[in-house]
Amino acid sequence: MGVERVEVIAPKPEGTIPDEFIRSENEQPGITTVHGKVLEVPTIDFSDPDEQKLIRQIAEASSNWGMYQIVNHDIPSEAIRNLQAVGNEFFELPQEEKEAYAKPLDSDSMEGYGTKLFKEFSDGNVTKKGWVDHMFNKIWPPSVINYQFWPKNPPSYREANEEYAKHMHKVVEKLFRLLSLGLGLEGQELKKASGGDDLIYLLKINYYPPCPRPDLALGVVAHTDMSIVTILVPNDVQGLQASRDGRWYDVRYIPNALVIHIGDQMEVMSNGKYKSVLHRTTVNKDKTRISWPVFLEPPADHVIGPLPQLVNQENPPKYKTKTYGEYVYCKLNKIPQ
Ligand code: OGA
Ligand code: NI
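Heads up: the sequence shown begins at 53 in this note's numbering, then just goes up one per residue.
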């Protein structure tokens with residue numbers, strides 16, 4: 053038997069969802085969300101000509117929030133619209149057609165159409181599930197692309213994704229430079245430590261079907277991203293939440309903004325100066341939510357640790373140094389790092 057997809061399970065009798073989607077009370081969004089308050093994570097104008105100011109804003113937001121939104125980033129809204137249109141179209145295909153891109157069960161790569169990512173612990177007899185299906189494609193550099201996992205339908209899927217990757221380069225270069233300077237390093241040092249030109253852009257599409265009980269279920273459960281940095285565009289359905297002072301808040305949706313998440317590898321490299329952000333997603337009763345995060349990650353055999361330039365006797369390393377592959381293995385299997 054294949055994997056059960058959330059979008060196939062989703063249409064159930066009015067007002068009910070299967071047990072495996074009902075979160076425990078300390079996770080249920082109906083109980084744990086601070087209602088009526090939208091979190092204003094910092095919004096940063098990427099076109100500001102004052103570089104010193106930008107460096108300060110990025111460093112401050114990366115240290116104190118781990119999440120911020122970038123506006124005026126130069127990625128044409130048409131490129132974003134096209135990326136979203138082809139992703140939408142793919143998920144609207146008949147189920148059998150999507151299954152042709154299913155991630156093989158024994159695969160140690162993330163790529164393909166799938167449902168479950170993290171090992172979830174069982175609660176009694178029920179292993180809990182998130183209300184979401186996904187698609188993963190590596191979109192950069194060309195040497196790591198596996199076109200077998202790229203949908204042939206819609207026919208413009210490839211062009212739209214390649215175009216988006218192309219526009220993303222400038223944002224990535226600038227963001228890494230600002231983050232690096234914000235740590236007191238040379239502009240190119242963080243990028244170099246992240247794998248340089250081998251840095252991988254792993255695109256994920258999260259597809260959250262309408263859910264009859266959005267108060268009980270979660271889309272993606274609370275986590276920090278494993279990546280170095282994640283750059284995300286959502287559709288206009290509210291769903292992203294960030295944890296702040298131990299409470300959960302909706303993050304304001306800003307059309308065309310790029311939502312930046314500081315990932316675990318950036319926290320490690322900066323020796324804790326920049327913080328990865330705890331976040332999760334809720335689902336909607338009537339609408340399908342879709343989001344497109346791009347995880348910027350090093351190759352699996354690349355070693356990541358606190359940068360030697362940032363540690364000394366007063367500030368010893370707070371994290372282990374290990375390959376990214378080892379880090380991912382531990383995280384997905386809930387083994388302590
Ligand atoms: C993720 C994630 C957030 C969103 O896929 O890691 O956090 O808005 N997604 O869908
Ligand atoms: Ni995430």
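All residues carry an ideal CB built from backbone N, CA and C; glycine is no exception.
Item to check | Identity of the residues DSSP links to GLN121 by a beta bridge | outcome: The residue given as residue 121 occupies position 69 in the sequence shown. Partner(s): THR95, VAL311.
Next on the checklist: Just to check my reading of the structure: VAL311 and PRO358 have Cβ atoms closer than 8 angstroms, yes? What is that Cβ distance to the nearest angstrom?
Outcome noted: Position 259 of the sequence shown, counting from 1, holds the residue named residue 311. Position 306 of the sequence shown, counting from 1, holds the residue named residue 358. Between PRO358 and VAL311 the Cβ distance is about 26 angstroms, and since that is not below 8 angstroms, they are no contact.
Checklist entry - Is the Cβ-Cβ distance between LYS190 and GLU163 less than 8 angstroms? => result Locating residue 190 in the sequence shown gives position 138, counting from the first residue. Locating residue 163 in the sequence shown gives position 111, counting from the first residue. Cβ atoms of LYS190 and GLU163: closer than 8 angstroms.
Next on the checklist: Taking its Cβ as the centre, do 16 or more other Cβ atoms sit within 10 Å of PHE83, making it buried, or is it exposed?
Outcome noted: Taking the first residue of the sequence shown as 1, we reach residue 83 at position 31. Rather than Phe, the amino acid found at residue 83 in this sequence is Ile. Classified as exposed, ILE83 has fewer than 16 neighbouring CB atoms from the shown chains inside 10 Å of its CB.
Checklist entry - Between the beta-carbon of ILE257 and the beta-carbon of GLU349, is there less than 8 angstroms? => result In the sequence shown, counting from the first residue as 1, residue 257 sits at position 205. In the sequence shown, counting from the first residue as 1, residue 349 sits at position 297. Cβ distance not < 8 angstroms, so ILE257 and GLU349 don't count as in contact.
Checklist entry - By DSSP, does ARG57 sit in helix, in strand, or in coil? => result For the purposes of this step, residue 57 is taken as residue 5 along the sequence shown, with counting starting at 1. In the structure shown, ARG57 adopts coil according to DSSP, grouped into three states.
Next on the checklist: Suppose contacts are defined by Cβ-Cβ distances below 8 angstroms. Is ARG265 in contact with ILE69 by that definition?
Outcome noted: The residue you call residue 265 lines up with position 213 of the sequence shown. The residue you call residue 69 lines up with position 17 of the sequence shown. Using a Cβ distance threshold of 8 angstroms, ARG265 and ILE69 count as a contacting pair.
Next on the checklist: Between the stretch 283-299 and the stretch 238-248, can you find at least three pairs of beta-carbon atoms closer than 8 angstroms?
Outcome noted: The stretch 238-248 vs the stretch 283-299: no contact.
Item to check | VAL355 in three-state terms, based on DSSP | outcome: Position 303 of the sequence shown, counted from the first residue, corresponds to residue 355. DSSP places VAL355 in strand when its eight states are reduced to three.
Item to check | Touch test, the stretch 122-139 against the stretch 202-211, Cβ-Cβ under 8 angstroms, three pairs minimum | outcome: Here the stretch 122-139 lies against the stretch 202-211, with 3 or more beta-carbon pairs under 8 angstroms apart.
Checklist entry - Since PRO81 is in the alpha helix (DSSP H), which residue starts that stretch and which ends it? => result Sequence index remark: in the sequence shown, residue 81 carries index 29 (1-based). Going by DSSP, PRO81 is part of the alpha helix (DSSP H) stretching over 81-84.
Checklist entry - Is the CB-CB distance between GLY247 and MET278 below 8 angstroms? => result Taking the sequence shown and counting its residues from 1, the one referred to as residue 247 is at position 195. Taking the sequence shown and counting its residues from 1, the one referred to as residue 278 is at position 226. Against a cut-off of 8 angstroms, the Cβ pair of MET278 and GLY247 comes out as no contact.
Item to check | Where TYR199 falls, given that 16 or more other Cβ within 10 Å makes a residue buried | outcome: Along the sequence shown, one-based indexing puts residue 199 at 147. Looking at its Cβ environment, which holds fewer than 16 other Cβ atoms inside 10 Å, TYR199 is exposed.
Next on the checklist: Taking only three categories from DSSP, how would you classify PRO286?
Outcome noted: As a position in the sequence shown, residue 286 is number 234, starting the count at 1. Strand at PRO286.
Checklist entry - Leaving out the 5 sequence neighbours to the left and right, which residues in its chain are closer than 6 angstroms to LYS155 when beta-carbon positions are compared? => result To locate residue 155, count along the sequence shown from 1; it is residue 103. Non-local C-beta neighbours of LYS155 in its own chain, meaning closer than 6 angstroms and more than five positions away in sequence, comprise GLY164, GLY166, ordered along the chain.
Checklist entry - Taking buried to mean at least 16 other C-beta atoms within 10 Å of its own C-beta, is SER343 buried or exposed? => result As a working note, residue 343 is residue 291 in the sequence shown. It counts as buried.
Checklist entry - Comparing alpha-carbon positions, which option in LEU270, LYS374, VAL289 lies nearest GLN317? => result Looking up residue 317 in the sequence shown gives position 265. The alpha carbon of GLN317 has as its nearest neighbour, out of LEU270, LYS374, VAL289, the alpha carbon of LYS374.
Checklist entry - Span of the beta strand (DSSP E) holding ALA294? => result Against the sequence shown, residue 294 aligns to sequence position 242. Where ALA294 is concerned, the enclosing beta strand (DSSP E) stretches over 292-296.
Checklist entry - If you count every other CB in all the chains shown that lies within 10 Å of the CB of GLY298, and 16 or more means buried, which is it? => result For the purposes of this step, residue 298 is taken as residue 246 along the sequence shown, with counting starting at 1. Exposed, because fewer than 16 other Cβ atoms sit within 10 Å of the Cβ of GLY298.
Next on the checklist: Rounded to the nearest angstrom, what separates PHE347 and PRO193 at their Cα positions?
Outcome noted: As a working note, residue 347 is residue 295 in the sequence shown. As a working note, residue 193 is residue 141 in the sequence shown. Using only the alpha carbons, I get a separation of about 13 angstroms.
Item to check | Sequence-ordered residues whose beta carbon comes within less than 7 angstroms of a heavy atom of the ligand NI | outcome: Qualifying residues come out as VAL272, HIS275, ASP277, THR282, HIS313, HIS331, PRO345.
Next on the checklist: Quick check on PRO8: does DSSP put it in helix, strand or coil?
Outcome noted: Here the chain comprises residues numbered 53 to 389, so residue 8 is not present and cannot be evaluated.
Checklist entry - Could you check where the alpha helix (DSSP H) with HIS219 kicks off and where it finishes? => result For this step, residue 219 is matched to residue 167 along the sequence shown. For HIS219, the enclosing alpha helix (DSSP H) has its first and last residue at 209-234.
Checklist entry - Under the rule that 16 or more other beta-carbon atoms within 10 Å means buried, what is LYS218, buried or exposed? => result By one-based count along the sequence shown, residue 218 stands at place 166. LYS218 comes out exposed.
Next on the checklist: If you follow the beta strand (DSSP E) that SER444 is in, where does it begin and where does it stop?
Outcome noted: In this structure the chain extends from 53 to 389, so residue 444 is not present and cannot be described.
Checklist entry - If you run the structure through DSSP and keep just helix, strand and coil, what is ASN385? => result For this step, residue 385 is matched to residue 333 along the sequence shown. Assigned with DSSP and collapsed to three states, ASN385 falls in coil, not helix or strand.
Item to check | Runs of beta strand (DSSP E) lying entirely within the stretch 232-272, each at least 3 residues, in chain order | outcome: The stretch 232-272 contains these whole beta strand (DSSP E) runs: 252-260.
Checklist entry - For HIS186, does the count of other Cβ atoms within 10 angstroms reach 16, so buried, or fall short, so exposed? => result Mapped onto the sequence shown, residue 186 falls at position 134. Buried, since its Cβ has 16 or more Cβ neighbours within 10 Å.
Item to check | heavy atom of the ligand OGA below 7 angstroms from THR85 C-beta | outcome: Here residue 85 refers to the residue found at position 33 of the sequence shown. THR85 Cβ: outside cutoff for every heavy atom of the ligand OGA.
Item to check | Opposing strand residues paired with HIS186 [DSSP bridges] | outcome: On the sequence shown, residue 186 is found 134 positions in, with the first residue counted as 1. In the DSSP output, where bridge partners are listed per residue, HIS186 has GLY166, ASN258.
Next on the checklist: Using 8 angstroms as the threshold, is the C-beta distance between TRP300 and VAL86 below it?
Outcome noted: Locating residue 300 in the sequence shown gives position 248, where the first residue counts as 1. Locating residue 86 in the sequence shown gives position 34, where the first residue counts as 1. Here TRP300 is near VAL86, since their CB atoms are less than 8 angstroms apart.
Checklist entry - How is the alpha helix (DSSP H) around ASP316 delimited, first residue to last? => result Here residue 316 corresponds to residue number 264 of the sequence shown, with the count starting at 1. 316-321 is the extent of the alpha helix (DSSP H) around ASP316.
Next on the checklist: Are there any heavy atoms of the ligand OGA lying less than 7 angstroms away from the beta-carbon of ASN140, as far as the coordinates show?
Outcome noted: As a position in the sequence shown, residue 140 is number 88, starting the count at 1. Flag unset: Cβ of ASN140 not near the ligand OGA.
Checklist entry - Cβ atoms of PHE142 and HIS125: under 8 angstroms apart, would you say? => result Numbered from its first residue, the sequence shown carries residue 125 at position 73. Numbered from its first residue, the sequence shown carries residue 142 at position 90. No; because the gap between Cβ atoms is not below 8 angstroms, this pair is not in contact.
Item to check | Residue span of the beta strand (DSSP E) that contains VAL303, given as start and end | outcome: For the purposes of this step, residue 303 is taken as the residue at position 251 of the sequence shown. In the DSSP assignment, VAL303 falls within the unbroken beta strand (DSSP E) covering 299-303.
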